[in-house]
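Protein chains in written order, with my numbering: chain Y, 30 to 359; chain P, 30 to 359; chain R, 30 to 359; chain U, 30 to 359.
Where a beta carbon is used, it is the ideal one built from N, C-alpha and C, also for glycine.
See structure below.
There are 4 protein chains.
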Amino acid sequence: MPSDWNKRVTDLLTGVIPPLVTPFDANGDVHTDDLRSLCGSLADGGVHGLFALGSSGEVGFLSDAMRDTALATIVEASQGLPVLAGCIDTSATRVLDHARRAADIGAGYAIVTAPFYAKTCTADIEAHFRWIAERSPLPVVAYDIPVAVHSKLDSDMLVRLALDGVIAAVKDSSGDQGAMRRLIRLNKAAGSPLRVFTGTEVVVDANLLMGVDGVVPGLGNVAPAGYVQLYDAARRGDWATAVTWQDRLEEFFDIVYADPDLVGPAQAIGGFKAAMTRRGVLSSWRTCAPQRPLSTEAVAKINELTDSYVTWEAGQLGRPATAHIETKEF
Amino acid sequence: MPSDWNKRVTDLLTGVIPPLVTPFDANGDVHTDDLRSLCGSLADGGVHGLFALGSSGEVGFLSDAMRDTALATIVEASQGLPVLAGCIDTSATRVLDHARRAADIGAGYAIVTAPFYAKTCTADIEAHFRWIAERSPLPVVAYDIPVAVHSKLDSDMLVRLALDGVIAAVKDSSGDQGAMRRLIRLNKAAGSPLRVFTGTEVVVDANLLMGVDGVVPGLGNVAPAGYVQLYDAARRGDWATAVTWQDRLEEFFDIVYADPDLVGPAQAIGGFKAAMTRRGVLSSWRTCAPQRPLSTEAVAKINELTDSYVTWEAGQLGRPATAHIETKEF
Amino acid sequence: MPSDWNKRVTDLLTGVIPPLVTPFDANGDVHTDDLRSLCGSLADGGVHGLFALGSSGEVGFLSDAMRDTALATIVEASQGLPVLAGCIDTSATRVLDHARRAADIGAGYAIVTAPFYAKTCTADIEAHFRWIAERSPLPVVAYDIPVAVHSKLDSDMLVRLALDGVIAAVKDSSGDQGAMRRLIRLNKAAGSPLRVFTGTEVVVDANLLMGVDGVVPGLGNVAPAGYVQLYDAARRGDWATAVTWQDRLEEFFDIVYADPDLVGPAQAIGGFKAAMTRRGVLSSWRTCAPQRPLSTEAVAKINELTDSYVTWEAGQLGRPATAHIETKEF
Amino acid sequence: MPSDWNKRVTDLLTGVIPPLVTPFDANGDVHTDDLRSLCGSLADGGVHGLFALGSSGEVGFLSDAMRDTALATIVEASQGLPVLAGCIDTSATRVLDHARRAADIGAGYAIVTAPFYAKTCTADIEAHFRWIAERSPLPVVAYDIPVAVHSKLDSDMLVRLALDGVIAAVKDSSGDQGAMRRLIRLNKAAGSPLRVFTGTEVVVDANLLMGVDGVVPGLGNVAPAGYVQLYDAARRGDWATAVTWQDRLEEFFDIVYADPDLVGPAQAIGGFKAAMTRRGVLSSWRTCAPQRPLSTEAVAKINELTDSYVTWEAGQLGRPATAHIETKEF
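Dropping the structure here:
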């Protein structure tokens, strides 16, 4: 791998980097117009990077063809923002195939989780990252997501891998704040070879107080400007303002619980998409087949939560609230 | 799907159907000669079908190219035995891509787990199977493996899917004997639309007593004749003989614990492969990269356990024990 | 401890040893009349021992005073059957207090789980059993119940403890049939220092085929004669009859799922108690406060399942079916 | 219960309330002199309350007699600080017995977890709290500790219970920062009927930023003044100072990982106790029998970490560092 990878990453990756949702059309294909609209909305919102094909992108549900279409669309519409590509799969050999395709398409970084499906352990996970990084055409960003892969990335291992140039950054979606605090300390003591991102939507202020380099909030699809305001306030030490934005965004986050009959992406990503439809960014809240759709009641509730947030946000930003989009069945 | 699928499956699938390991050569590629040797050994042992690309086949570690090579080799060397192909992936869209390739290669059945990586529930799992079966060129065999996918296939759902022609059989590797007993009862009450297989190595006698149609034991790679003897004894009601074989095979199964520093396939499938190397069926016990290899001590222990079993088996079968193969480092 | 403990246990403990439910009266106190009735019913059914204060006895819900009342009633009504007393608590010091009270009350054996609440490991569990056994006035029976204590008793450790005279028997409610099969083998190889019991209701035939010494089925409260028939058939090698009883008892076991709005003992033990009320053994199906009661619909369903089983059982035994008891709200 | 409970709690409970460890003497009894020394050290450190018999107090390991001795000693040495008493047990009936004894001994509040051992659900947990509160002589503080009891207290339920006067506060040791952020919002929207405490040691600054009322850090046994400095800085909005203290305390927290061969309280509480012995507060680092002791290497490592922290703390506080106590084997 190029010797300047870590430096490139250190220079580039920071700030608010939302994990993009993947919109779908009536045929179940990737809705490229909607995806371009999303990229434009995020760039307008002031975000600092685009995280493609993550859990918020329903990556586990997408065929390789769908992944390629989504990634190519995002790269093309990225307006110069760094694009990180989820290379999410069960093993090193499979991840590498995704990383190679992502490089061909033009992504800048390969996002890699621990192996899953088979039982694993820290020694195996370390071997997995080293094997991939030796062969990957892209710098590797580790993705710590125990809820999906059922193992946790060890903090000591992450720093060791970073010192050896194997990984350049980590996105921590573990929810284990103690482990992350310890990782931040170990990384600093090692000379900060690693960029540390958090995947949370609702404790971003707290994570920035602790010292993370950036945030990857799924809700940032819906409220990019809000997270940028939160991030900027924290960066200038204005914690009262940061908390105000976080508190309001946390309340808005109830959109992911609107349909109690659904679980996983059908519920949470469906919630994001319905809110984005209400804001006029997407044309529908479909999730990838064969997931079940949000109920009419859930969409009504999401619309209400969205209208309320949009009005508040406009007030904070001193802008007129955008007209609400009339959503209808599709 | 063809209207006679269930019937075809009911006619064909029964007995001992080992989940084949995938051998590797020094370059990390699928060792097709070894795989042909394995198929021959299994046919000689009297097995009733070949289960390709399951957990014992390290399916999660294999790239699509590796999967295709392994499956094509097995189909070609199957000597008329039914070939079931693991179409293991995170979502319906991805599973379908595997099923289509498996059909092109010539497999007879598509093995499908619950979706994984994303959180799921029984309603989503049911939608997953229905979506796949509507589009699959091959009859679907459900694979219940909570240790890998972190959800359990509901017994009532399985019978419902079978009655609707969505699935034709289930391989139960859940280890939940109570649920399986209940499934066997519900299936019988529904007119037996489902073939029920167990994935256990060590309670096959008990499972046959309970009424399963067939068994898919990983250890059957190493001891096909032993499992066929066990199966035949149980089928004729000779439980004392069935228990004798099972007890001895259970003792032999300690090969999967020989290396305490490994976990998962590196440990268990490595154990199978080392024993098969000792028996002369494979030329090495490599597991798929980047898994760590068995220690020298572990291989020595496996050799000892294998020699002991082989001698006992030969005595039972009234045959001369095969000479032990001298294994060496590779 | 007395040097002949293991021998005493080996001599005495075998067969069907139901884990007794604890009946309650309208004030929420232990219903001693009902408990005596239950003991009489079990003795009439031909069981070989009484397992008091286990999970089926709602032991976790009972105050010390309730535990003592229940145990004293059972000891008094035991008609010479061995009485095992659950000494279920979070730690060695607390278990020992229960064992001492149980000895004073007249129980014959102390049932002990792994420690729980605090995180533990095999070395700590082993220290726990050794510390208790050194001080306990009663022989110790290990109770392996991961669903409640969230750790598994290691098979090698169990045999080691038995060889050292620390434990005399184990009740395995882990549901891990592979581990139990291995335990049975290791125990036999060590000279059978351990009696092995299973806690299952629905694979008793299979467990007896594997070689367990006895069975502790919660459903044995409701159908003692059925389990004795099953046990006797297995002991004489009449597996067809054993399977016939097990299959019918497994179907009857659906009483534990009758109320889908409940979980745990409220659902399962409530189900046993409602069936026992229907059979006239208990006067109510109350579970320990503050658990929620079975719905009217659930009780109706349980009554139906009970009537059906009772009729079948009477036919098998060549006896007239007992009149069904009219159950009413209380 | 008295109608002014919530108000009393609201008035009193705030700030730093360490969960006291329970020291032991060479006979395995509660070391009352050491416990008095600890209470004095905490009062000198400026803490705002004493949390007795929590997980840090090894409550699960203590017999009732040990619990009573420890609690009586703490109440007597509390110097007017509020005393909260852990009433940790498997069920409502058992918890109530502890709460009654705690009231007799003079504690001010009863700490209550969800029921454990038996499977439970939110409806059962709610019934559990309501049943206890109706009968408890002490106000109830809910304790959310999934790692020990294997269920999570639902945020909506907690606010509902607080509005009904059932609970007055909650200590959240779940580590689920998202759920806690949501709880803080729901509680505020309901008029703040609930005091919210966090059990973390290492993200106290972040939790105070989010709006918790107080903190219950186990490491506060060892560094009470440090947590009081952190708390005071946060209360006056001096986040830079709060972070400085938290970062240093987080580094010190590595004492809980010093012995890799231990788990649970033997490791973590042993670590606290060894550090307190080094600081001269306790005379030994024994944990409750039959837990295994820290290794000599681990104690040496803890001493080093302690000396380093003590020196740093003294510098921050402008005080001379206390002489290090020479620890020796016991």
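Quiz item: What three-state label does DSSP hand Phe145 of chain R in the structure shown?
Solution: coil
Quiz prompt | Limits of the beta strand (DSSP E) - the one that Leu113 of chain Y falls within | solution = 112 to 115
Self-check item: Outcome for Thr306 of chain Y when other beta-carbon atoms lying within 10 angstroms are tallied against a minimum of 16
Solution: buried
Practice problem: Assign Ala171 of chain Y to one of three DSSP states: helix, strand, or coil. | Solution: strand
Quiz item: Going by the beta-carbon positions, is the gap between Asp267 of chain P and Thr43 of chain P smaller than 8 angstroms?
Solution: no
Quiz item: Under a Cβ-count criterion, where at least 16 other Cβ atoms within 10 Å of its own Cβ denotes burial, should Ser84 of chain Y be classed as buried or exposed?
Solution: buried
Quiz item: Using a C-beta cutoff of 8 angstroms, does Met239 of chain P count as contacting chain R?
Solution: yes
Self-check item: Boundaries (first-last residue) of the beta strand (DSSP E) holding Asp54 of chain P
Solution: It is not in any beta strand (DSSP E) - Asp54 of chain P carries neither H nor E in the DSSP assignment.
Quiz item: Can the beta-carbon of Val199 of chain Y be found closer than 8 angstroms to that of Leu187 of chain Y?
Solution: yes
Quiz item: Cα separation between Asn250 of chain Y and Arg348 of chain Y?
Solution: 19 angstroms
Quiz item: Quick one: which chain U residues come within Cβ less than 7 angstroms of Glu279 of chain Y?
Solution: Arg210, Arg211, Arg214
Exercise. Determine the closest residue to Gly86 of chain R out of R:Glu342, R:Gly299, R:Tyr338, with distance taken between C-alpha atoms.
Key: R:Gly299
Quiz item: Does the beta carbon of Thr229 of chain Y come closer than 8 angstroms to any beta carbon on chain U?
Solution: yes
Self-check item: Cα-Cα separation, Gly109 of chain Y to Ala136 of chain Y
Solution: 11 angstroms
Quiz item: What in chain P is Cβ-close to His157 of chain Y, meaning under 7 angstroms?
Solution: Pro319
Quiz item: To the nearest angstrom, how far is it from the Cα of Val272 of chain R to the Cα of Leu125 of chain P?
Solution: 40 angstroms
Quiz item: Under 8 angstroms, do Trp314 of chain P and Lys330 of chain P count as touching if we go by C-beta distance?
Solution: no
Quiz item: Using a Cβ-Cβ cut-off of 7 angstroms (strictly less than) and excluding sequence neighbours within five positions of Gly74 of chain P, which residues of its own chain qualify?
Solution: Pro253, Ala254, Val257
Self-check item: Sequence-distant residues of the same chain with beta carbon closer than 7 angstroms to Arg130 of chain P, five excluded per side
Solution: Asp97
Quiz item: Relative to the C-alpha of Leu346 of chain R, which residue among R:Ala318, R:Gly309, R:Thr270, R:Gln296 is closest?
Solution: R:Thr270
Practice problem: Let me know the secondary structure DSSP gives Arg348 of chain Y once reduced to three states. | Solution: coil
Quiz item: Quick one: Cα of Thr51 of chain U to Cα of Val292 of chain U, how far?
Solution: 18 angstroms
Quiz item: Quick one: is Ala177 of chain P near chain R, going by C-beta distance under 8 angstroms?
Solution: no
Exercise. Evaluate Ser107 of chain Y with the Cβ neighbour count: other Cβ atoms within 10 Å of its Cβ, from every protein chain shown; 16 or more gives buried, anything less gives exposed.
Key: buried
Quiz item: If contact means a Cβ-Cβ distance below 9 angstroms, which residues of the stretch 82 to 96 of chain Y contact chain P?
Solution: Ser84, Glu87, Val88, Gly89, Phe90, Leu91, Ser92, Asp93, Ala94, Met95
Quiz item: Got a sec: is the Cβ-Cβ distance from Gly44 of chain P to anything in chain R below 8 angstroms?
Solution: no
Quiz item: Quick one: complete beta strand (DSSP E) runs, 3+ long, within the stretch 207 to 281 of chain P?
Solution: 224 to 227
Quiz item: Between the stretch 314 to 324 of chain U and the stretch 279 to 298 of chain U, do three or more beta carbon pairs fall short of 8 angstroms?
Solution: yes
Self-check item: Whole-angstrom distance between Trp160 of chain P and Met30 of chain P, CA atom to CA atom
Solution: Model confidence at Met30 of chain P stands at a pLDDT of 46, short of 50, so the residue's coordinates are unreliable and nothing is read from them.
Quiz item: Three or more C-beta pairs closer than 8 angstroms, one from the stretch 165 to 172 of chain P and one from the stretch 131 to 150 of chain P: is that the case here?
Solution: yes
Exercise. Excluding the 5 residues preceding and the 5 following Ile103 of chain Y in the sequence, name in chain order all residues of the same chain whose CB lies nearer than 7 angstroms to its CB.
Key: Leu49, Leu64, Cys68, Leu79, Ala81, Val112
Quiz item: Secondary structure at Asp205 of chain Y, three-state DSSP: helix, strand or coil?
Solution: coil
Exercise. Quick one: list the residues of chain R neighbouring Lys302 of chain U, beta-carbon separation under 7 angstroms, in chain order.
Key: Correct list: empty, because the minimum Cβ distance to chain R is about 15 angstroms.
Quiz prompt | Buried or exposed (CB count within 10 angstroms, at least 16 for buried), Glu342 of chain P | solution = buried
Quiz prompt | Straight-line Cα distance separating Arg214 of chain U from Asn216 of chain Y | solution = 33 angstroms
Quiz item: To which residues does DSSP link Tyr138 of chain R through a beta bridge?
Solution: R:Leu113
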